[in-house]
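Asker:
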Amino acid sequence: LTANKQILIEMSSSDKSQPASWADLSAYISNCRRLESMPASLQASIDELKSIDARLGKAAAVFDEGRQLSLDAAATYYSSAATVKQGPGSEAHKN
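Residue 868 is where the sequence shown starts when you use our numbering, and the numbers rise one by one after that.
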């Protein structure tokens, strides 16, 4: 947008007897067209980022669930191992 303003300023402040060159006008028009298409492409990028964010959120939830299941399984395993190690004749069971 600033580049277009600069081109307009240069065209308006240049010698009035000389019209802007076709190259300048063509560059200005293509800049305008590019700027017109930017909101749509920005919105597409934002939508894609939101989609990626949602997928990452789901992946993180699955990872957390898996981690919790692993921790629970490990706790159960070590709890069982401790019970088996103590056995029915251990000091803890005699009291």
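Just so you know, even glycine gets a beta-carbon here, dropped at the ideal spot from N, CA and C. Every value quoted in this text rests on a predicted model; they were computed, and no experiment measured them.
Please state the DSSP three-state secondary structure of Ser918.
Answerer: One-based indexing of the sequence shown puts residue 918 at position 51. Correct three-state label for Ser918: helix.
Asker: Which residue spans inside the segment 885-945 form an unbroken alpha helix (DSSP H) run of at least 4?
Answerer: none
Asker: Between Gln935 and Arg922, what straight-line distance do the alpha-carbon atoms span, to the nearest angstrom?
Answerer: Taking the sequence shown and counting its residues from 1, the one referred to as residue 935 is at position 68. Taking the sequence shown and counting its residues from 1, the one referred to as residue 922 is at position 55. If I take the Cα positions, the gap works out to 20 Å.
Asker: Could you tell me the alpha carbon to alpha carbon distance between Asp931 and Leu916, rounded to whole angstroms?
Answerer: Looking up residue 931 in the sequence shown gives position 64. Looking up residue 916 in the sequence shown gives position 49. Answer to the nearest angstrom: the Cα atoms are 22 Å apart.
Asker: Quick check: the Cα distance between Ala926 and Ile919, rounded to an integer number of angstroms?
Answerer: Here residue 926 refers to the residue found at position 59 of the sequence shown. Here residue 919 refers to the residue found at position 52 of the sequence shown. So the two alpha carbons sit approximately 10 Å from each other.
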